[in-house]
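The sequence shown begins at 1 in the UniProt record's numbering and counts up one residue at a time. Even for Gly, the Cβ is constructed at its ideal location relative to N, Cα and C. Reviewing the structure listed below.
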Amino acid sequence: MNNPLDQFAPLLDAERMAATLQRHLPECLAGDWQVTGCEIQHPRYKTYRLAENRERSFLSLVYHLQGRQLPSSIADQRILYARAYLGRRSHQAFAEAQTSGEKVIHLAELGMVGWRFPDDPAMPWLAQLMDSRRIPELGKQPPSAIEIVNYRPEIRCTARYRFVASEAEPARVVYGKTYADERGQTIYDNLRALQGQSQSAAAFVMPEALAYAADHRTLWLEGLQGQALAELDFAAGVAEKIPALVNAVAAFHQFAPPSLTVVTLQQQLQEWRKKVDKLSHAYPSIQPALTSLLTELQQNLPELEMPGLIHGDFHIDQLLVLPDGHLALFDYDELALGDPLQDLANFAADLYNYPYAVAAIDQLVMQLFTAYSAANQGHIDPQRFAWHLRGQLLTRAYRTFIQQKSAAPQRVAEFIALALRPWPLAG
């Protein structure tokens, strides 16, 4: 059969999909709503290696739609979670969703089934979280606005609840982070345990864990005011914050961890093997480079004597610069026991996602490692860091593929080329 990616490609064109959804959405056909713009988030391409299974491939993604209600022309925003299938598989998926009692629509000509937010097949309580009157954890004062910060269908949804100042209370922001499973309870307990240890002036500021509501699987967090680190000038502002960042992450790695799963280096290597395998089948032209990278990772697998606390998803978008200059760290979903250099390499690899000169990013990465090594009395193996960095760059390449980002083949090749460079850090 033809390459499934080619068949799904039109669904990843935001401008094209704005016009397409205008022609197919029931509310548009009824004359009740008009699409004026479209943004695509969180595309996930599920592929199968064997040729006989490729017809099972599907694409899931989120359309953030701008529009207006008719006939009033009032501006309106809506979210559509969609899954696209090959052939007539959408008919089967639609029938199964209906049998499960889900509020689902079928866009048969597009081979697509969809759920209008807040309808979610794995989080049916989302609608309650969009109605502040039904959330006792928010107190008596209703929020002035509820904003969706990040929606990952069937996984989690983060909403921002804004409260205007009153005679009784100042203005504040509260975040509600709801999950499809019960992990929010564990995250709440872990965050509370870490906050009890965070006494050093150098440590990250953590958002206060207010409560966990088991009935709608939601973690409630106090909001913090500041400027995103990613919004600072890259060459000057971010570089200026590297010493504070390194001291804070070094302090974080010294915390006594709660009971957590262990991420071994062997497990990481196994995951990277799988990624190389899938990328090799998707992009045969870079298979030799991928093979070389995997050989490098296998032959230079470092030893780790004692795992420690790691954030697990440490990158620049997780950091906020507070008015007093301190750094706040967010998102404790991936806490684990592992090699602390994984966090450092994760942060470094993510910098290469930004549209800056590679030489400038290289300089930041060197600054990051040098400062972290100094914070640990120089007892940091540069080869171990380079090993993690190569693996994290491979992970960025794989994410580019499954998310089908713009110019995916070129970006995948660029990440692999970065990973293969003879890094000075590796000696």
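Distance, residue j Cα to residue i Cα
i: residue 374; j: residue 388; result: 19 Å
i: residue 220; j: residue 292; result: 46 Å
i: residue 209; j: residue 329; result: 13 Å
i: residue 390; j: residue 248; result: 24 Å
i: residue 353; j: residue 62; result: 21 Å
i: residue 70; j: residue 339; result: 56 Å
i: residue 155; j: residue 179; result: 6 Å
i: residue 75; j: residue 147; result: 15 Å
i: residue 422; j: residue 384; result: 14 Å
i: residue 226; j: residue 318; result: 12 Å
i: residue 336; j: residue 107; result: 41 Å
i: residue 168; j: residue 207; result: 22 Å
i: residue 306; j: residue 355; result: 36 Å
i: residue 101; j: residue 30; result: 24 Å
i: residue 428; j: residue 278; result: Residue 428 falls outside the range modelled here, since the chain spans only 1 to 427, and no answer is possible.
i: residue 4; j: residue 83; result: 14 Å
i: residue 119; j: residue 153; result: 10 Å
i: residue 401; j: residue 46; result: 10 Å
i: residue 96; j: residue 87; result: 16 Å
i: residue 379; j: residue 272; result: 27 Å
i: residue 343; j: residue 316; result: 11 Å
i: residue 274; j: residue 331; result: 26 Å
i: residue 237; j: residue 104; result: 46 Å
i: residue 134; j: residue 290; result: 52 Å
i: residue 173; j: residue 161; result: 6 Å
i: residue 404; j: residue 165; result: 43 Å
i: residue 13; j: residue 419; result: 29 Å
i: residue 17; j: residue 377; result: 54 Å
i: residue 19; j: residue 58; result: 22 Å
i: residue 313; j: residue 170; result: 32 Å
i: residue 64; j: residue 310; result: 33 Å
i: residue 202; j: residue 40; result: 38 Å
i: residue 117; j: residue 80; result: 6 Å
i: residue 426; j: residue 369; result: For residue 426, the predicted model reports a pLDDT of 41, less than 50, meaning its position is unreliable and no value from the coordinates is stated.
i: residue 301; j: residue 266; result: 8 Å
i: residue 246; j: residue 372; result: 5 Å
Residues bridged to residue i (per DSSP)
i: residue 148; result: 159
i: residue 77; result: 66
i: residue 175; result: 160, 221
i: residue 113; result: 83, 106
i: residue 212; result: 219
i: residue 61; result: 82
i: residue 238; result: For residue 238, which the question treats as bridged, DSSP gives no partner whatsoever.
i: residue 338; result: 308
i: residue 329; result: 319
i: residue 262; result: 337
Buried or exposed (CB count within 10 angstroms, at least 16 for buried), residue i
i: residue 35; result: buried
i: residue 324; result: exposed
i: residue 11; result: buried
i: residue 73; result: exposed
i: residue 112; result: buried
i: residue 407; result: exposed
i: residue 199; result: exposed
i: residue 261; result: exposed
i: residue 93; result: buried
i: residue 264; result: exposed
i: residue 139; result: exposed
i: residue 299; result: exposed
i: residue 214; result: exposed
i: residue 433; result: The requested residue 433 is not part of the displayed model; the chain covers only 1 to 427.
i: residue 281; result: exposed
i: residue 158; result: buried
i: residue 228; result: exposed
i: residue 184; result: buried
i: residue 294; result: buried
i: residue 351; result: buried
i: residue 98; result: exposed
i: residue 392; result: buried
Closest residue to residue i among the options (Cα-Cα distance)
i: residue 131; options: 337, 167, 259, 216; result: 216
i: residue 143; options: 175, 123, 125, 112; result: 175
i: residue 394; options: 356, 150, 276, 383; result: 276
i: residue 22; options: 110, 89, 290; result: 110
i: residue 194; options: 91, 420, 121, 258; result: 258
i: residue 347; options: 364, 281, 232; result: 364
i: residue 357; options: 77, 114, 303, 414; result: 414
i: residue 66; options: 37, 404, 360; result: 37
i: residue 428; options: 59, 20, 17, 68; result: This structure cannot speak to residue 428, because the chain is shown only from 1 to 427.
i: residue 222; options: 212, 231, 228; result: 212
i: residue 286; options: 409, 360, 79, 121; result: 409
i: residue 124; options: 181, 145, 55, 91; result: 181
Please list the segments of the alpha helix (DSSP H) lying wholly inside the segment 351 to 402, counting only runs of 4 or more residues, in order along the chain. 358 to 375, 382 to 402
Mind listing, in chain order, the continuous alpha helix (DSSP H) runs of no fewer than 4 residues lying wholly within the segment 286 to 324? 287 to 299
Ranges of the alpha helix (DSSP H) found wholly within the segment 8 to 54, counting only runs of at least 4: 14 to 24, 26 to 29
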